[in-house]
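Worksheet: one structure, shown below.
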Amino acid sequence: MVRTMILSMMTVFLGQPLMAQEIRLEEKASVNQVYNKAVEAENALSLNDLDIESGYVLYQTEINTDAESEELELENVRDYAVVYVDGKVQGSLTDKSKKLAIKTHPGKHLLQFYVENIGRITYGPEITDNSKGIFGTITLDGNELQDWKMIPLTVRNYPLKDLVFEQRSANDSPGFYKGQFEHNLSGNKYLNMTGWGMGEVWLNQKYLGSYWEEEKQQSILIPSTDLKPGKNELVIFELKNNQQKKISLSPTPVFK
Numbered sequence: 066m067v068r069t070m071i072l073s074m075m076t077v078f079l080g081q082p083l084m085a086q087e088i089r090l091e092e093k094a095s096v097n098q099v100y101n102k103a104v105e106a107e108n109a110l111s112l113n114d115l116d117i118e119s120g121y122v123l124y125q126t127e128i129n130t131d132a133e134s135e136e137l138e139l140e141n142v143r144d145y146a147v148v149y150v151d152g153k154v155q156g157s158l159t160d161k162s163k164k165l166a167i168k169t170h171p172g173k174h175l176l177q178f179y180v181e182n183i184g185r186i187t188y189g190p191e192i193t194d195n196s197k198g199i200f201g202t203i204t205l206d207g208n209e210l211q212d213w214k215m216i217p218l219t220v221r222n223y224p225l226k227d228l229v230f231e232q233r234s235a236n237d238s239p240g241f242y243k244g245q246f247e248h249n250l251s252g253n254k255y256l257n258m259t260g261w262g263m264g265e266v267w268l269n270q271k272y273l274g275s276y277w278e279e280e281k282q283q284s285i286l287i288p289s290t291d292l293k294p295g296k297n298e299l300v301i302f303e304l305k306n307n308q309q310k311k312i313s314l315s316p317t318p319v320f321k
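In case it helps, our numbering puts the sequence shown at residues 66 to 321.
This is the structure we're talking about:
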């Protein structure tokens, strides 16, 4: 009630409603620019086995399919995996949802999992089993998949100035999306992440934080001190919903 009254008073004082500012993301840098040296193994290796503490890893292998839809099942996935076949997103998997019907046509295809470790367990009965990534048996219609290539991604700490951006084309692959906007108002703002899947955000090459569509809060705070008078540059790394072309600045936090 108090919050609503304050917003109403601000609206009257300014003589106009508080409007969200739209930002268009017209450029993209391909995700393969942040690939590190690949590791190959018969079976998928956990992040622990890859000596990776946190972040993203790409798992990929070649599959042969006999039908237009086949069931993919993972024994273990922690914490979150986005599934692609031939560069097209199929869906996502978590430790609580380990099965997914993938749509293909008969023949050979490239299967990819982009996996993120959201965080380590620091208490409770599972603290002694704190493996992350994809590990254990992976099957497609009951047939075990082998011959995996695992590629660590340097995302959060990659120097954005070294990324090569181009005008966006129509593809579903993960990547870095860039847009510019003019801003001349004071006060904190919130980046409305509604419709985006999972990723990271930078403003003027400063890291702001991460987001996930499953969380209750769907916005990232942008302190007023991080907004420059005039032109600002926004970069978003997105794993899943790669058709998004715009985002908005909100004067208030956004929740589901």
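Think of the CB as a built atom: it goes at the ideal place given N, C-alpha and C, for glycine as much as any other residue.
Here's a check: name, in chain order, each residue in its chain whose Cβ is nearer than 6 Å to the Cβ of E210, leaving out the five neighbours to either side. Before going on, a small fix: residue 210 reads as Leu here, not Glu. Hits under 6 Å: T126 and I203.
Could you compute how far the alpha carbon of K296 sits from the alpha carbon of N249? 9 Å
Put L218 into one of helix, strand or coil per three-state DSSP. DSSP places L218 in the strand class (E or B) of the three-state scheme.
Quick one: Cα of Q308 to Cα of A94, how far? 14 Å
Beta-carbon separation of E36 and W261 under 8 Å? A query on residue 36 cannot be resolved here, the shown segment of the chain reaching from 66 to 321 and no further.
Give me the residue from D114, S313 and N208 with the minimum Cα distance to E138. Considering only D114, S313 and N208, the residue with the shortest C-alpha distance to E138 is N208.
Could you give the distance in angstroms between the alpha-carbon of N108 and the alpha-carbon of E280? 32 Å
To which residues does DSSP link Q125 through a beta bridge? DSSP output for Q125 lists Q177 and K214 as bridge partner(s).
Bridge partner(s) assigned by DSSP for T259: Its beta-bridge partners do not exist; DSSP assigns none.
Take the Cβ of R143 as the centre, count every other Cβ of all protein chains shown within 10 Å, and call the residue buried at 16 or more, exposed below. buried
If I measure Cβ to Cβ from L273 and keep anything under 7 Å in the same chain, skipping five residues before and after, which residues do I get? V266, W267, I285 and I287
Measure the Cβ-Cβ separation of N182 and K163 and say whether it is below 8 Å. No, Cβ-Cβ distance for N182 and K163 is not below 8 Å.
Report all residues from its chain with a CB closer than 7 Å to the CB of E158; omit the five preceding and five following residues, and keep chain order. Strictly speaking, residue 158 in this sequence is Leu, with Glu absent from that position. The residues are L139, V142, A146, V148 and L165.
Closest residue to T290 among N253, K173, Q177 and M258 (Cα-Cα distance): N253
Note down, in chain order, each residue of its chain lying with its Cβ closer than 7 Å to the Cβ of R221, except the 5 sequence neighbours on either side. Around R221: G120, E265 and Y272.
DSSP three-state call for S313: helix, strand or coil? strand
What is the DSSP secondary structure of K93, reduced to helix, strand or coil? strand
In three-state DSSP terms, what is N195? Shown here, N195 sits in coil according to DSSP, grouped into three states, outside any helix or strand.
Which of helix, strand or coil DSSP assigns to S289: helix
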